[in-house]
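The structure appears right after this line, and notes come after that.
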Amino acid sequence: RKTPRVKDSQGEILAEMQAIKKQTRKQGALLEKMQEELLEQRDLRLRVELDPLLAFADAFFHLDRFFHGNQEVSPQRQQALGILWEQLDILLGAAEIHMVRERGVPFDERLHQAVTNASPETVKPAVIDMIQPGYVCKGRVLRAARVIVGSPGDNNDRKQKYESASEGATQNAENHMRY
10 RKTPRVKDSQ GEILAEMQAI KKQTRKQGAL LEKMQEELLE QRDLRLRVEL DPLLAFADAF
70 FHLDRFFHGN QEVSPQRQQA LGILWEQLDI LLGAAEIHMV RERGVPFDER LHQAVTNASP
130 ETVKPAVIDM IQPGYVCKGR VLRAARVIVG SPGDNNDRKQ KYESASEGAT QNAENHMRY
């Protein structure tokens, strides 16, 4: 049989433990909120630092697309564009950024945003055209690539109009024609 003094002591200890649990939960919630705010601030600083580089990469992507879409590209120009793509990849790599611009790859909801579906009946769509490149930095998607998706066979039809532009170009330049 417990004396009233021991009972009061146990009750006080239990109440104190519950108060400590409650305070710990509040502190945990505050720490989580602080962590989220710090991550948001870090992401904002990162975006401010990277925006000029990404704008340059976008401009080059659209320039390259213009050259290939509106005229036959000479082997020399194709080679020059390939070298510039290499340099841009090195520059982006130094900032730990990967430009998502590949065509003919399976559609990935994490990396791609489908603007149009050329073959809605396709079960496993592929990227058949690139509207705007996307970017991944340290495993995090900064911006999803805006793409046209369809069946992998649809990609061959679109490639044919660019094949004459790549004839005679170096293998390296052909690897960089990814839009």
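At position 28 of the sequence shown (counting the first as 1) the number is 37 in our numbering, and the numbers step up by one without a gap.
Virtual Cβ for every residue (Gly too), placed ideally from N, Cα, C.
Owing to the predicted nature of the structure, the values given are computational and were not obtained by experimental measurement.
Once you ignore the five residues that flank L90 on each side, which residues in its own chain have a CB closer than 6 Å to its CB? Reading the sequence shown from its first residue, position 81 is the one you call residue 90. D73.
Span separating the alpha-carbon of E183 from that of V82: Against the sequence shown, residue 183 aligns to sequence position 174. Against the sequence shown, residue 82 aligns to sequence position 73. Confidence is the limiting factor: at E183 the pLDDT is only 38, short of 50, which leaves the residue's position unreliable, though a coordinate-based value still follows. E183 and V82: Cα-Cα distance of roughly 12 Å.
Only counting the same chain, and skipping five residues up and downstream in sequence, which positions put a Cβ closer than 7 Å to that of R6? This structure leaves residue 6 out entirely; the chain is present only between 10 and 188.
Residue span of the beta strand (DSSP E) that contains Q141, given as start and end: Here residue 141 corresponds to residue number 132 of the sequence shown, with the count starting at 1. Run containing Q141: 135-141, per the beta strand (DSSP E) assignment.
Name, in chain order, the residues that DSSP records as bridge partners for G159. Counting from 1 along the sequence shown, the entry for residue 159 is found at position 150. Per DSSP, A135.
Give the DSSP-derived three-state secondary structure of L90 in the structure shown. On the sequence shown, residue 90 is found 81 positions in, with the first residue counted as 1. The answer is helix: DSSP assigns L90 an H, G or I state.
Does the contact criterion of 3 or more C-beta pairs under 8 Å hold for the stretch 112-120 versus the stretch 95-103? The answer is no - the stretch 95-103 does not touch the stretch 112-120, with fewer than three Cβ pairs under 8 Å.
As assigned by DSSP and simplified to three states, the class of L72: The sequence position of residue 72 within the sequence shown is 63, counting from 1. Here L72 sits in helix by DSSP.
Backbone secondary structure at P61 - three-state DSSP: Translated into positions along the sequence shown, residue 61 becomes position 52. Secondary structure at P61: helix, using DSSP grouped into helix, strand and coil.
Burial state of P134, where buried means 16 or more other Cβ atoms lie within 10 Å: By 1-based counting over the sequence shown, the position of residue 134 is 125. Counting Cβ neighbours within 10 Å, P134 comes out buried, since at least 16 surround it.
So V150 is in the beta strand (DSSP E); what residue range does that whole segment cover? As a first step, residue 150 is located in the sequence shown; it is residue number 141 there, counting from the start. First-last of the beta strand (DSSP E) with V150: 149-152.
In three-state terms, what does DSSP make of Q122? Here residue 122 refers to the residue found at position 113 when the sequence shown is read from its first residue. In the structure shown, Q122 sits in a strand (DSSP, three-state: E or B).
Expressed to the nearest angstrom, what Euclidean distance is found between the alpha-carbon atoms of V150 and M26? For the purposes of this step, residue 150 is taken as residue 141 along the sequence shown, with counting starting at 1. For the purposes of this step, residue 26 is taken as residue 17 along the sequence shown, with counting starting at 1. So the two alpha carbons sit approximately 43 Å from each other.
Once DSSP output is grouped into helix, strand and coil, what is the label at P84? Translated into positions along the sequence shown, residue 84 becomes position 75. Correct three-state label for P84: helix.
Please state if the CB of G159 and the CB of A127 are separated by a distance shorter than 7 Å. Taking the sequence shown and counting its residues from 1, the one referred to as residue 127 is at position 118. Taking the sequence shown and counting its residues from 1, the one referred to as residue 159 is at position 150. For A127 and G159, yes; Cβs fall inside 7 Å.
Alpha-carbon to alpha-carbon, E41 and I22: One-based indexing of the sequence shown puts residue 22 at position 13. One-based indexing of the sequence shown puts residue 41 at position 32. Looking at the two C-alpha atoms, the distance is approximately 28 Å.
Would you grab the beta carbon distance between I157 and I137 for me? Rounded to a whole angstrom, and I think it's under 8 Å. Here the question's residue 157 lines up with position 148 in the sequence shown. Here the question's residue 137 lines up with position 128 in the sequence shown. About 6 Å separates the two Cβ atoms, so the contact holds.
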